[in-house]
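Scroll down for the structure; my scribbles are underneath it.
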Amino acid sequence: MPDTAEGADVPPAPVSLWEAFGYWLKLGFISFGGPAGQIAMMHTELVERRRWISEHRFLHALNYTMVLPGPEAQQLATYIGWLMHGTLGGVVAGVLFVLPSLAILSVLTWIYLAYGDLPAVAGVLYGIKPAVTAIVVFAAYRIGSRALRNGVLWGMAAAAFVAIFALRVPFPYIVVAAGLIGALGGRIAPEKFRAGGGHGASDKSFGPALIDDQTPAPAWTHFTWRSTLGHVIAGLAIWGLIEGALYLSYGWQGPLTQMAWFFTKAALVTFGGAYAVLPYVYQGAVDHYGWLTGTQMIDGLALGETTPGPLIMVVACAAAMR
2 MPDTAEGADV PPAPVSLWEA FGYWLKLGFI SFGGPAGQIA MMHTELVERR RWISEHRFLH
62 ALNYTMVLPG PEAQQLATYI GWLMHGTLGG VVAGVLFVLP SLAILSVLTW IYLAYGDLPA
122 VAGVLYGIKP AVTAIVVFAA YRIGSRALRN GVLWGMAAAA FVAIFALRVP FPYIVVAAGL
182 IGALGGRIAP EKFRAGGGHG ASDKSFGPAL IDDQTPAPAW THFTWRSTLG HVIAGLAIWG
242 LIEGALYLSY GWQGPLTQMA WFFTKAALVT FGGAYAVLPY VYQGAVDHYG WLTGTQMIDG
302 LALGETTPGP LIMVVACAAA MR
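Residues 2 to 323 (the numbering used here) are what the sequence shown spells out, left to right.
Structure, rendered in structure tokens:
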């Protein structure tokens, strides 16, 4: 239960995995609003109300997730779950963050495929499309206003836009080129490549927390090469078994095999969140492979915006429409 003001000076009681399970499941059903809204929800509940983690440690974890590919809100939940209950806690938090969204989006995609031609369903989708367009434009403005602090960065953004839409340069090449330019520019003119702020939370205290700078680090958080290599090998083995099974069943050119390989690459270049990777998914799924039309891609984005969880779950909708 959330802590009251009367106990604000006393650390909260230890949290069981079952109690954490209940919270992560609840979050999976109410995490609307994209990464900014999802991170704000976790901050309000975990830092301010329940005090499972301190403000400083929360922001420290957020900094980690912002430099990794993939949805930062889900990674933040996974990291906090891991801090609290080890590998099992991280798996529970990460899976429950997306599982409700996947279930809801699967049902909506089935309705779209089965009844999308009906006037009522088509009317709903046509009504949602302008709102989705506005959301994407606003997200681009919000990201741009925070990240593009000077003419050099605006010029890089403009060049990337021309490269991907006019010159059809593959998205991974643009990401790599931008990273190299940023690394070089950071050495030559660091004042032009200084990072902007994050999601706007301030580093302050809401009282003693279960996880803070004074909390003894659990054994599973201590770095060892053996543990790290074990996790890497396990992850690669799971991926290899899935990709290998698809290859043996359908061949390398089989649609499911190609989907698995394409979305593996997408998972590795999703720097900047879901909105940043959407052009790459569109370019591959629509222009290169022809798995679905541009209209279907926009419809999938509309369905993704109406469900909880990370927006990147729209790739599940795109794959199902194949």
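The beta carbon of each residue, even a glycine, is placed where N, CA and C say it ideally should be.
Residues near residue i by beta carbon distance below 8 Å, same chain, minus five either side
{"i": "Phe98", "result": "Trp25, Leu28, Gly29, Ser32, Ala74, Gln75, Ala78, Thr79, Gly310, Pro311"}
{"i": "Ala267", "result": "Val278, Tyr281, Val282, Gly285, Val316"}
{"i": "Val153", "result": "Gly186, Ala190, Lys193, Phe194"}
{"i": "Leu211", "result": "Pro12, Pro13, Pro15, Val16, Arg52, Trp53, Ile54, Met85"}
{"i": "Asp214", "result": "Ser55, His57, Arg58"}
Cα-Cα separation, residue i to residue j
{"i": "His61", "j": "His44", "result": "12 Å"}
{"i": "Glu244", "j": "Leu69", "result": "23 Å"}
{"i": "Phe207", "j": "Thr216", "result": "16 Å"}
{"i": "Trp155", "j": "Pro15", "result": "48 Å"}
{"i": "Val93", "j": "Leu249", "result": "31 Å"}
{"i": "Phe166", "j": "Gly183", "result": "21 Å"}
{"i": "Glu49", "j": "Asp10", "result": "13 Å"}
{"i": "Ala164", "j": "Thr265", "result": "23 Å"}
{"i": "Arg58", "j": "Pro171", "result": "37 Å"}
{"i": "Gly1", "j": "Trp83", "result": "Nothing can be reported for residue 1, as the shown portion of the chain is limited to 2 through 323."}
{"i": "Met67", "j": "Pro120", "result": "42 Å"}
{"i": "Trp19", "j": "Gly236", "result": "25 Å"}
{"i": "Trp111", "j": "Gly231", "result": "38 Å"}
{"i": "Leu257", "j": "Tyr251", "result": "7 Å"}
{"i": "Trp262", "j": "Gly241", "result": "11 Å"}
{"i": "Leu1", "j": "Arg188", "result": "Residue coverage of the chain in this structure runs from 2 to 323, which leaves residue 1 outside it and unanswerable."}
{"i": "Ala178", "j": "Ala159", "result": "14 Å"}
Chain-order list of residues whose beta-carbon lies under 6 Å from that of residue i (same chain, five-residue window excluded)
{"i": "Ala161", "result": "Ile175"}
{"i": "His200", "result": "With a pLDDT of 48 at His200, under the threshold of 50, the predicted position of this residue should be treated as unreliable, though the coordinate-derived value follows. So the list reads Ala37, Ile40, once near-sequence residues are dropped."}
{"i": "Gly23", "result": "none"}
{"i": "Gly71", "result": "Thr271"}
{"i": "Gly295", "result": "Val287"}
{"i": "Pro209", "result": "Pro12"}
Buried versus exposed call for residue i [16 or more other C-beta atoms within 10 Å across all chains shown]
{"i": "Asp300", "result": "buried"}
{"i": "Ser17", "result": "exposed"}
{"i": "Val270", "result": "buried"}
{"i": "Pro36", "result": "buried"}
{"i": "Ser228", "result": "exposed"}
{"i": "Arg169", "result": "exposed"}
{"i": "Gln254", "result": "exposed"}
{"i": "His86", "result": "buried"}
{"i": "Tyr116", "result": "exposed"}
{"i": "Leu247", "result": "buried"}
{"i": "Ala21", "result": "buried"}
{"i": "Leu47", "result": "buried"}
{"i": "Gly90", "result": "buried"}
{"i": "Phe224", "result": "exposed"}
{"i": "Leu63", "result": "buried"}
{"i": "Thr88", "result": "exposed"}
{"i": "Gly291", "result": "exposed"}
{"i": "Gly180", "result": "exposed"}
Residues of its chain near residue i, where Cβ-Cβ distance is below 7 Å and the 5 sequence neighbours each way are ignored
{"i": "Tyr65", "result": "Tyr80"}
{"i": "Leu100", "result": "Gly29"}
{"i": "Gly305", "result": "Leu106, Leu312, Met314, Val315, Cys318"}
{"i": "Thr222", "result": "Leu84"}
Identified DSSP bridge partners for residue i
{"i": "Ile54", "result": "Ile212"}
Residue i Cβ short of 7 Å to the ligand HEM heavy atom set
{"i": "Val16", "result": "As far as ligands go, the structure on display features none, and thus does not contain the ligand HEM."}
Secondary structure, beta strand (DSSP E): runs of 3+ residues fully inside the stretch 72–103: Entirely contained in the stretch 72–103, not one beta strand (DSSP E) run reaches 3 residues.
Length at least 3, wholly inside the stretch 178–257: the beta strand (DSSP E) runs in chain order: none
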